[in-house]
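Report on the following structure.
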Amino acid sequence: MAELTIVGKPITRVDAQEKVTGEAVYGYDLVLPDMLYGKTVFSTRPHAKIKRIDTGKAREYPGVVAVITGKDAPWTHGESIKDKPFLAHDKVRYIGEPVAAVAAEDEDTAQAAAALIEVEYEDLPAYLSPEEACKPGALPIHEDFAGYRKSDFIVTAPLPNVCEHFKLRTGDVERGFRESDLVLEERYTLPTIQHAAMEPHSAHAQVDPASGRVTIWVANDAPFRALHEIAEALGLPLEKIRLINPLQGGGFGSKGGLKVEPIAIALAYHTGGRPVRVKFNRQETFISTLTRHEAILYIKSGVKKSGSLCARQMTIYWGAGAYAEKSPTVCIRGSLPAPGPYRIPHVKVDGYAVYTNKPVSGAFRGYGIPQGAWACEQHMDELAKRLGMDPLELRLKNVFVDGDLAYWGEKLHSVGLKETLIKAAEAIEWGKDDISKSKIRSPNLKRGKGLACISKPTRTPTLSKAAVLIDASGGVTVLAGTVEIGQGCSTILSQVAAEELKVPLEKVRMAPLDTDVIPFDASTTSSRSTYHMGNAVRLAAIDVREKLAEMASPMLEAGKDDLSFADGKIHLKEQPQMALPIGEVVRRRLGASGFLRGDSSYTFEIGKDLDLETGHSEHASAFYMYATQAAEAEVDEETGRVRLLRMSAAHDVGKAINPLNCEGQIEGGLAMGIGSALHEHLVVDETGKVRNPSFLDYHLATSLDLPKMIPIIVECPEPEGPYGAKGLGEPGLAPTPAAIGNAVANALGIRIYDLPLSPERVYWAIRRMKKKVA
Amino acid sequence: MKKKIRITLNGNVVSPEVPAHRLLLDLLRDEIGLTGTKEGCGTGDCGACTVLLDGKPVNSCLVLSGELDGADIVTIEGLQIGRELHPIQQAFIQDGGAQCGYCTPGMLMMSKALLDENPNPTEEEIRFALAGNLCRCTGYAKIVKAVQDAAMELRTRHTARQ
């Protein structure tokens, strides 16, 4: 490979300027001409029949243009199970479910009119725990489940309210347990948390009365998937739907799928062609968008005295909330690697995604990996303790290495896991506890260290298409459907295009995202974009480069193969002074307004699909991301407060296309992981109501809550990835809570099985232990 | 009830007529059309809407327009010095202080307020000053670094002028 000029450099973001000046326009900022303002009415009951909705007073309110209920929107949608109505039909399934909506001339009017809508309910029993909701005899939350439109991969179970049952079957776990010297069984739980992207949710929609065409302006992380989902729901051909993506103020998984979009679309059918904006405020965003799956995990392992793992069995209940959304795929892709990145001959996993009467769970950065890691990685430390082994040593003995056959049947390559373990541990001076403990200020402060590691698959197979244009001024435009959600894709993809065409980065521009003109992309999820779209942009750039070389060949009187690119020019390899600016080549051949276009399409072929009975697959993922994080914590035995002293995070990214950006992703992931470990919990009370739907009561990590963070980039190249790159966005928070949990257990000698590690929980755990000892 | 108020906004005198109960945040975003100031919560908990009111940082979602007559307001759109970026803006670009960018305007205004008061803050002082400005992307490390770098640049400029 030729020497890289831009890829691999810590270049500052291409979108930073517009973000620091306030010029950047986000979905929440967007104002359309002649726009109406929407307001949503939400269910106040967790599970109830709708007896009556009275919209009379709202309709009469001056300035109101439309009032709609489920009767006006007879459509349903969903990622893989079409169970979710645009507005509730006949019954509600959680507090916060959209029931009715108003469009009015201004925000105040919409709000006042929405408050006049009366809804009468007849309550039904509510299920608030996934483990309870799937017990035999539980009443169905979705009576018509069997009749819903579903994807082929959905596996149901003979249990109530289960919308997906994932099965992994490798070897014979019972035999594995019999052959083990030590068998340990534990139960771990994680509560519901929320993405809490700083930009709340909103959507704008307009229906053209003449053509019936629906246009939606929304900061959605998967515009093409949304387009398909909307078209399927409305029964319209794809070309009748258009999505335009303004900038997105963070998402972390919350802004995929459809949430505000259906309300805006349903209203737009009743406004005589005027566009309507529906905004959720922060409270509405908390209760009525998406959350991360609460989970209950049972884990049982058998291990030899030597530390070799023999068998592992897991049963996982994923709380789907009221609608399936992405629960089936979270259940599949979270349950599959939940037993950890280890060589284990006998493995059995049952993952159940279970409906409850709580806010809807969906994609959340990490996609099921944090839940599995919270259980598996603390369980590993408990095994190590019982074996009298160092937790790092136990992991090094069992972790995946190149050439291993993973327990799901895939031969692994490019495994940088060991290096992440060693580097993350070194960074917090693993094993040198005496130095650290000598610095303790008071006898009630206890210090400990812990680490945790993960592997994470990416959604596979998926397709990314791209186009790269060169215009007569030498400007390069990249058409890519990856959404800039803050992760830095516009910078990374610009670097890729600039690298392949050897133009300065300033010459590259990302085209705005409009599904009418941008080629298809599966989604901006799953840490898939650098790899998939990076490959697609690279191939499109190569395509246009080849065309340009062909065009320039007669102009430079040289064969195509004798030409080379540098500094925005094409030149003779042997005589670099014989050169033409690339724009000049385009201009000479195609005129001043001409441009040359290269196209591409990239997907990773998996061969056979995942076997639904065994969970086996030769290629479950295009690539795997590996990471280890290590924490040093200080716990106050008098208050239960956990203070982090430092945290390292070593991530195998394959190749860092932009190290500055990689560091930012790792640090941001860590902060989110620390928040989920120590503070975050979206509290749903016994009536099904969210008790803390505000930033005052839902504690995000602030600048004062975070320790010294040590991001470490490990590069174990992925041969198929662009320049060797894998992905990075999602794993950042996945091992964090387990690493902290292990540090706390190391400090106190107490294992805490439930998140978050709030002072109260830690305090009572200490009290219980002291009582036991006394 | 609409009320005519006279304010200095980013150095220019403007006299909007607004309902007295309109929040400063909505006045800026909806009535005047300056959407650089962001709405993150509307309840004063996240700092995304921070602007300078008579030189002091405030959550503009907690200020009523009716009380603003005679006020001097600086928003993110007024942070640049002429056509040049303010050193804090420059530092956020250089250090990777912005990711999704939604908290960035509020962070910048709060940072400016800090550095106006305290040109040489410690890391702890920076973290304390920014504790009411939530960021979900960066983990704050690069933001803190940017404020440190901006402080140094501003001090260098100040010394050069003397």
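Those protein sequences? They're chains A and B, same order as listed.
Last residue of the first sequence? That's 775 in the numbering used here, and every number before it is there in order.
Last residue of the second sequence? That's 652 in the numbering used here, and every number before it is there in order.
Just so you know, even glycine gets a beta-carbon here, dropped at the ideal spot from N, CA and C.
This one's a predicted model, so the numbers in the text were calculated from it and none came from an experiment.
Buried or exposed by the 16-neighbour rule on C-beta atoms within 10 Å, applied to residue i
i, result
"B:GLY545", "exposed"
"A:ASP403", "exposed"
"A:THR640", "exposed"
"B:ASP535", "buried"
"A:ASN743", "buried"
"A:THR516", "buried"
"A:ASN445", "exposed"
"B:HIS511", "exposed"
"A:GLY593", "Note that residue 593 of chain A is Ala in the sequence shown, not Gly. Burial call: exposed."
"B:ILE571", "exposed"
"A:VAL774", "exposed"
"A:THR56", "buried"
"A:VAL586", "buried"
"B:THR612", "exposed"
Neighbour list for residue i in chain A, Cβ cutoff strictly below 9 angstroms
i, result
"B:LEU620", "THR703, SER704, LEU705"
"B:LEU575", "GLN18, VAL21, THR22"
Proximal residues of chain B, C-beta to C-beta of residue i below 7 angstroms
i, result
"A:ALA25", "GLY591"
"A:LEU645", "Simply none; closest approach about 12 angstroms."
"A:PHE696", "CYS531, ASP535, CYS536, LEU624"
Sequence-distant residues of its chain with Cβ nearer than 7 angstroms to residue i (five each side left out)
i, result
"A:GLU108", "TYR38"
"B:ALA538", "LYS528, GLU529, GLY530, TYR592, CYS593, GLY596"
"A:SER565", "HIS572, LYS574"
"A:SER649", "ALA425, ALA428, ILE429, GLN630, ALA631, ILE711, ILE713"
"A:PRO660", "PRO11, ILE714"
"A:THR604", "PRO462, THR463, LEU464"
"B:LEU515", "THR527, GLU529, CYS539, SER550, CYS551"
Contacting residues, own chain, Cβ-Cβ under 8 angstroms from residue i (five flanking each side not counted)
i, result
"A:GLU420", "ALA651, ASP653, VAL715, CYS717"
"A:GLY250", "TYR27, GLY28, TYR29, ALA198, MET199, GLU200, ALA220, GLY487"
"A:VAL518", "LEU480, ALA512"
"A:ASP91", "LYS50, ILE51, GLY71"
Within 8 angstroms, strictly: CB atoms of residue i and residue j
i, j, result
"A:VAL277", "A:ALA220", "no"
"A:VAL279", "A:LEU268", "yes"
"B:LEU542", "B:ALA603", "yes"
"A:GLU721", "A:ALA623", "yes"
"A:CYS663", "A:ALA672", "no"
"A:LYS52", "A:ALA111", "no"
"A:GLY728", "A:TRP409", "no"
"A:VAL163", "A:ALA354", "yes"
"A:ILE194", "A:LEU683", "yes"
"A:ALA115", "A:VAL42", "yes"
"A:LEU310", "A:TYR343", "yes"
"A:ASN358", "A:ALA323", "yes"
"A:LYS412", "A:TYR625", "no"
"A:ASP472", "A:PHE596", "yes"
"A:GLY475", "A:GLY599", "no"
"A:ARG647", "A:GLU635", "no"
Reduced DSSP category for residue i - H, G, I as helix; E, B as strand; rest coil
i, result
"A:MET36", "coil"
"A:SER602", "strand"
"A:GLN314", "strand"
"A:SER695", "coil"
"A:THR737", "helix"
"A:SER336", "helix"
"A:TYR724", "helix"
"B:CYS625", "coil"
"A:MET2", "Only weak support exists for where A:MET2 lies, its pLDDT of 49 falling under 50; the coordinates are left without a value."
"B:CYS539", "coil"
"A:LYS776", "Since the first residue shown for chain A is 2 and the last is 775, residue 776 of chain A is missing from the structure and cannot be characterised."
Contact list for residue i against chain A, beta-carbon separation under 8 angstroms
i, result
"B:GLN579", "VAL21, THR22"
Chain-order list of residues whose beta-carbon lies under 6 angstroms from that of residue i (same chain, five-residue window excluded)
i, result
"A:PRO263", "PHE87"
"A:SER524", "ALA223, ARG226"
"A:MET2", "For A:MET2, the predicted structure reports a pLDDT of 49, less than 50, and the residue's modelled location is therefore unreliable. The matter cannot be settled from this model."
"A:ALA89", "GLY71, GLU98, VAL100"
"A:ARG173", "This sequence places Asp at residue 173 of chain A; Arg is not what is there. Result list for A:ASP173: HIS347, in chain order."
Chain B residues whose Cβ lies nearer than 8 angstroms to that of residue i
i, result
"A:ILE486", "CYS590"
Amino acids of chain B, ordered along the chain, whose beta-carbon sits closer than 9 angstroms to that of residue i
i, result
"A:ALA672", "CYS625, ARG626, CYS627, THR628, GLY629, TYR630, ALA631"
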